[in-house]
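A.B. asks:
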Amino acid sequence: MKILVPSTIALDVQAGPDDEVVVYDAAAPFRPEDSDAEVLVVWASSAENLADAAARLRRVRWVQTLAAGPDAVLAAGFGPHVTITSGRSLHDGPVAEHALALVLACVRRLDALGAAQREHRWDLAVNRGQSDPATAALYTLDGARVTIWGFGSIAARLAPLLAALGAHVTGVAGTRGERHGFPVVSDDDLPDVLATTDVLISLLPALATTRHAFDAARIGQLPDHAVFVNVGRGATVDEDALVAALRDGRLGAAALDVTETEPLPATSPLWDAPRLLLTPHVAGNRPQRASELVNANLDALRAGRPLRNVVPR
Numbered sequence: 523m524k525i526l527v528p529s530t531i532a533l534d535v536q537a538g539p540d541d542e543v544v545v546y547d548a549a550a551p552f553r554p555e556d557s558d559a560e561v562l563v564v565w566a567s568s569a570e571n572l573a574d575a576a577a578r579l580r581r582v583r584w585v586q587t588l589a590a591g592p593d594a595v596l597a598a599g600f601g602p603h604v605t606i607t608s609g610r611s612l613h614d615g616p617v618a619e620h621a622l623a624l625v626l627a628c629v630r631r632l633d634a635l636g637a638a639q640r641e642h643r644w645d646l647a648v649n650r651g652q653s654d655p656a657t658a659a660l661y662t663l664d665g666a667r668v669t670i671w672g673f674g675s676i677a678a679r680l681a682p683l684l685a686a687l688g689a690h691v692t693g694v695a696g697t698r699g700e701r702h703g704f705p706v707v708s709d710d711d712l713p714d715v716l717a718t719t720d721v722l723i724s725l726l727p728a729l730a731t732t733r734h735a736f737d738a739a740r741i742g743q744l745p746d747h748a749v750f751v752n753v754g755r756g757a758t759v760d761e762d763a764l765v766a767a768l769r770d771g772r773l774g775a776a777a778l779d780v781t782e783t784e785p786l787p788a789t790s791p792l793w794d795a796p797r798l799l800l801t802p803h804v805a806g807n808r809p810q811r812a813s814e815l816v817n818a819n820l821d822a823l824r825a826g827r828p829l830r831n832v833v834p835r
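Quick note on my numbering: the sequence shown kicks off at 523 and runs consecutively.
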């Protein structure tokens, strides 16, 4: 079978004797001679490239995206007969690291301190703020109540890192229980949990049910000092409500690695929102052990076994 792999990442594909591995340009239309491909691996492909694949690769039966979230591939229009598998687990470590970095940057007010450095100014305001007895529970993760909204494999890597710094971590998922040693509540419990949350980290996927899940109502359920960090998907945040809350002092700080429109337009009010850190969707920009996942699923496909990370459709 013909296996198409993207030019955007180096993969060590273990091809069988009857396989042909072809590297394609992830930003261009597919060549006519590759329209007979049965397997498509996707990483950092343009929306036009994915739509072209769905329209022209009529024999494709399995699409493996290396992204943790399959939303871009699902939106491309592949037929229901095509199996789609995600890159879940490939980004757990890097995204957990980036989420922790953003949380610490907000809690330790590195945005204000960085601005002061550029202005050659010794920031006594942050110094006094940390020293004030009234802020004893702020400026630190030691004793902070951290809520992770979307408690999957990335949260499993992130939660112990937060706990090691003294945070009390609670997860939010579809069902209550305990996962990886941490308490997990359901979405129905979210209002009560948010009322005592110091840091809210969103790892929500982009689904019809999660669009603008973090809106003015959710913001209103948080304490005014709370920090919000999004390393999930930009479509899950009502950005106008977020900017308004930051400007009005109804949210302590925020950090976004993802935005609803990417790249973020120069005219977006997010750029100038107070106490907001922005990074350009770099949290999970380097899939770990991608070749292992691709080869494991190729072996399963050849043997007729279930594939890993199949996306329900």
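Quick reminder that beta carbons are idealized off the backbone N, C-alpha and C, glycines included.
(1) Measure how close the beta-carbons of Thr669 and Leu622 come, nearest whole angstrom, since I'm counting them as under 8 Å.
(2) Starting from the C-beta of Val765, find all residues in its chain whose C-beta is less than 6 Å away, skip the five residues before and the five after it, and write them out in chain order.
(3) Does DSSP put Gln810 in a helix, a strand or coil?
(4) Let's test the definition: count the other Cβ atoms within 10 Å of the Cβ of Arg740 and tell me whether it reaches 16, buried, or not, exposed.
(5) Leu800 and Leu778 look like a contact to me (Cβ under 8 Å); what is the Cβ gap, rounded to whole Å?
(6) Quick one: what does DSSP say Trp793 is sitting in, helix, strand or coil?
(7) For the structure I just gave you, are there three or more beta carbon pairs, one from the segment 770-784 and one from the segment 582-601, closer than 8 Å?
(8) Here's the rule: buried if 16 or more other CB atoms are within 10 angstroms of the residue's CB, otherwise exposed. What is Trp793?
(9) Out of Arg679, Tyr546, Pro787, which one is the CA nearest neighbour of Ala618?
(10) For Gly754 versus Thr781, is the C-beta distance shorter than 7 Å?
(11) How big is the Cα-Cα spacing for His702 and Thr732?
(12) Since Pro727 contacts Asp593 with CB under 8 Å, what's their CB separation in whole angstroms?
(13) Could one say the Cβ of Thr719 lies closer than 7 Å to chain D's Cβ atoms, at least one of them?
(14) Does the separation of the CB atoms of Val582 and Leu596 fall below 7 Å?
(15) Entirely within the segment 584-609 and at least 4 residues each: give me those alpha helix (DSSP H) ranges in chain order.
(16) From Ala738 to His747, what does the alpha carbon distance come to, in whole angstroms?
C.D. replies: Walking through what the data contain:
(1) Within the sequence shown, the letter at position 147 stands for residue 669. Within the sequence shown, the letter at position 100 stands for residue 622. Rounded to whole angstroms, the Cβ separation of Thr669 and Leu622 is 15 Å, and the two are not in contact under 8 Å.
(2) The residue labelled residue 765 in the question sits at position 243 within the sequence shown. The residues are Pro791, Ala795.
(3) As a working note, residue 810 is residue 288 in the sequence shown. In this structure, Gln810 counts as coil in the three-state DSSP scheme.
(4) Working through the sequence shown from its first residue, we reach residue 740 at position 218. Buried, by the Cβ-count rule.
(5) Locating residue 800 in the sequence shown gives position 278, where the first residue counts as 1. Locating residue 778 in the sequence shown gives position 256, where the first residue counts as 1. With a Cβ gap of about 6 Å, Leu800 and Leu778 count as contacting.
(6) The sequence position of residue 793 within the sequence shown is 271, counting from 1. If DSSP states are grouped into helix, strand and coil, Trp793 belongs with the helices.
(7) no
(8) Here residue 793 corresponds to residue number 271 of the sequence shown, with the count starting at 1. That one is exposed.
(9) As a first step, residue 618 is located in the sequence shown; it is residue number 96 there, counting from the start. The option with the nearest alpha carbon to Ala618 is Arg679.
(10) Along the sequence shown, read from residue 1 onward, the residue named residue 754 stands at position 232. Along the sequence shown, read from residue 1 onward, the residue named residue 781 stands at position 259. In this structure, Thr781 does not lie closer than 7 Å to Gly754 by Cβ.
(11) Start at 1 with the first residue of the sequence shown, and residue 702 comes out as number 180. Start at 1 with the first residue of the sequence shown, and residue 732 comes out as number 210. About 24 Å.
(12) Numbered from its first residue, the sequence shown carries residue 727 at position 205. Numbered from its first residue, the sequence shown carries residue 593 at position 71. Contact flag correct, Cβ pair sits at about 7 Å.
(13) Of the protein chains in this structure there is only one, and it is not chain D.
(14) Residue 582 sits at position 60 when you count from the first residue of the sequence shown. Residue 596 sits at position 74 when you count from the first residue of the sequence shown. Contact flag unset, no.
(15) 593-596
(16) What you label residue 738 is simply residue 216 of the sequence shown in a count that begins at 1. What you label residue 747 is simply residue 225 of the sequence shown in a count that begins at 1. If I take the Cα positions, the gap works out to 15 Å.
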